[in-house]
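Please read the structure below before turning to the comments.
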């Protein structure tokens, strides 16, 4: 059911109720949360009080998402403790934050981490430090703590009224289409094995370590859908799976996603398919990084004016909880906030920065956490998988927060539903992100198809909005040159957000944060062992 049809149906239901029919039960209660957009939108018409205090630090980090936390983690590991991390929200973590209620912790955004490849050395070092990766972080196939490895069953697909294991559509799919599945998988396996003369993988993670083969980089100039058609693929199930993959990782349909990014999704890892997860999603990773910055994080802090000088940077910061401003003077600045904020904050930003930012687009997301009195049932009575995907849905399905507890006995649970607003216009996105009840109703309508009893089970629905969740890898964005100035950084400033990579992935944000910190340490003359 499309959103327009859904709204028409609910309007008709309301009209019938007004005429005397039995009224629909009220929606379950819940919250409507998101990033601190009220504070962030003040940058459009800055009216902040003048600073009344000056603080001096060696390094200031603006932004407490995974990039900023990773920069702080690396600085602390190198013994550089004179830094301050400025975070606009009440807590750091960005898209990896979590909520909690009496039933379970649950994700508000990112909810899993695939086993990182060897190139993602910083991510593997972090996992080893947290005790999740066991043994040598540089091993080809290290062991992982089973507490975090996703327990079986990992994923299922609801299609044609039935649940099937795995995400490749197989029910009722003819052999000729299945043969295309095999051909595509063989193609991906070949790309996964390919190395250029310099030994670089065709598609590496982080992407900066990927091959610069012109034939591969040319894939960034076309869409993933066009690449499939050009390669002779026609199987509807394959097109659906690739589109789902692009929406899942990039918040963007395959018809809009760079073919380089689309193939990167399938070819950048080793193909094991295992993921690390927890009831709170990726919040455990954010907390692990944040421990290194303990005592040096300033929450509810909005950087509203940054002026770069020859020897130091001046950053004016509004402390929302205190309704006052301070001035932070630093020798080195790490910008770990989204790039689109730069024109609103920097005094005289470089023209090349502005040109690159103008071409960027962001994918909004809506995440709904449903607290249920009991787990919904499948037709065959088998337990839910961790990831439950609906084939004919604009949403991506849901994950089960209590899955890792291995609790199959009846009892309350929390499920987390995801939807990227890739098909909506900017104005429409803004409108939809402001209506909690409409979203709660849509979530219930979407989930009622596989679970007709969902309305009776739902005791509350908490909606969380990500208005600028992730940068979109549109054709030409990854290898067209627009990211180069941010990748290089400059005297006194480094950029640490995943936006710099063009892919909103944990490993990319972690890499950018650690790289920014290592460059900063080099400029400060601090010795360190590289994590990259």
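Residue numbers (the numbering used here): 9 to 540. Cβ atoms here follow ideal geometry from the backbone N, Cα and C, with glycine treated the same way. Here the structure is a predicted model, which means the values were calculated and not measured.
Practice problem: Report buried or exposed for residue 277, applying the criterion of at least 16 other Cβ atoms within 10 angstroms of its Cβ. | Solution: buried
Quiz item: Quick one: what's got a C-beta closer than 7 Å to residue 214's C-beta in the same chain, skipping five residues either side?
Solution: 127, 128, 509, 515, 516, 519
Quiz item: In three-state DSSP terms, what is residue 493?
Solution: helix
Practice problem: Could you tell me which residues DSSP pairs with residue 370 in its beta bridges? | Solution: 479
Exercise. Tell me, please, whether the stretch 320-338 touches the stretch 56-72 by the rule of three or more beta-carbon pairs shorter than 8 Å.
Key: yes
Practice problem: Taking 8 Å as the threshold, find out whether the stretch 459-466 comes into contact with the stretch 372-384 through three or more Cβ pairs. | Solution: yes
Quiz item: So what does DSSP say about residue 375, is it helix, strand or coil?
Solution: strand
Quiz item: How would you call residue 379, buried or exposed, if buried means at least 16 neighbouring beta carbons within 10 angstroms?
Solution: buried
Quiz item: Given residue 39, which residues of its chain have a CB within under 6 Å of its CB, disregarding the five upstream and five downstream residues?
Solution: 470
Quiz item: Where does the unbroken beta strand (DSSP E) through residue 396 begin, and where does it stop?
Solution: 395-398
Self-check item: Cα-Cα separation, residue 90 to residue 67
Solution: 7 Å
Practice problem: Determine, using beta carbons only, whether residue 528 and residue 283 come nearer to each other than 8 Å. | Solution: no
Quiz prompt | Nearest neighbour of residue 323, chosen from 55, 368, 92 [CA to CA] | solution = 92
Quiz item: Taking the alpha-carbon positions, what's the residue 153 to residue 141 distance?
Solution: 6 Å
Self-check item: Endpoints, alpha helix (DSSP H) assigned at residue 244
Solution: 244-258
Quiz item: Is it buried or exposed for residue 419, if we count other Cβ within 10 angstroms and need 16 for buried?
Solution: exposed
Quiz item: Taking the Cβ atom as the reference point for each residue, do residue 458 and residue 166 lie within a distance shorter than 8 Å?
Solution: yes
Quiz item: Alpha carbon to alpha carbon, what distance is there between residue 507 and residue 346?
Solution: 6 Å
Quiz item: Where do the N-terminal and C-terminal ends of the alpha helix (DSSP H) with residue 296 fall, by residue?
Solution: 291-298
Quiz item: Based on the DSSP output, what are the partners of residue 322 in its beta bridges?
Solution: 315, 337
Quiz item: If we cut at 8 Å on Cβ distances, does residue 518 have a partner in chain D?
Solution: The structure shown contains no chain D; it holds only a single protein chain.
Self-check item: Through-space distance from residue 350 to residue 317, alpha-carbon basis
Solution: 16 Å
Quiz item: Mind checking residue 395: buried by the 16 CB within 10 Å criterion, or exposed?
Solution: buried
Quiz item: Alpha carbon to alpha carbon, how far is residue 98 from residue 308?
Solution: 5 Å
Quiz item: Who are the Cβ neighbours of residue 251 in its own chain at under 7 Å, not counting the five residues just before and after it?
Solution: 261, 262
Quiz prompt | Enclosing alpha helix (DSSP H) for residue 211 [first to last residue] | solution = Per DSSP, residue 211 belongs to no alpha helix (DSSP H) and is neither H nor E.
Exercise. Note down the Cα distance separating residue 132 from residue 35, rounded to an integer number of angstroms.
Key: 43 Å
Quiz prompt | Rounded C-alpha distance that separates residue 403 from residue 240 | solution = 28 Å
Quiz item: Among 372, 268, 82, which residue has its Cα nearest to the Cα of residue 442?
Solution: 372
Exercise. Determine the direct distance from the alpha carbon of residue 110 to that of residue 285, and round the result to whole angstroms.
Key: 20 Å
Practice problem: Report the rounded CA-to-CA distance for residue 361 versus residue 55, giving the unit in angstroms. | Solution: 25 Å
Practice problem: Could you please give me the residues that DSSP links to residue 41 through a beta bridge? | Solution: 472
Quiz prompt | Within 8 Å, strictly: CB atoms of residue 161 and residue 173 | solution = yes
Quiz prompt | Beta-carbon separation (whole angstroms), residue 259 vs residue 478, contact threshold 8 Å | solution = 5 Å
Exercise. With distances taken Cα to Cα, identify the nearest neighbour of residue 47 among 448, 310, 377, 536.
Key: 310
Self-check item: Integer-rounded CB distance, given that residue 474 should sit under 8 Å from residue 103
Solution: 6 Å
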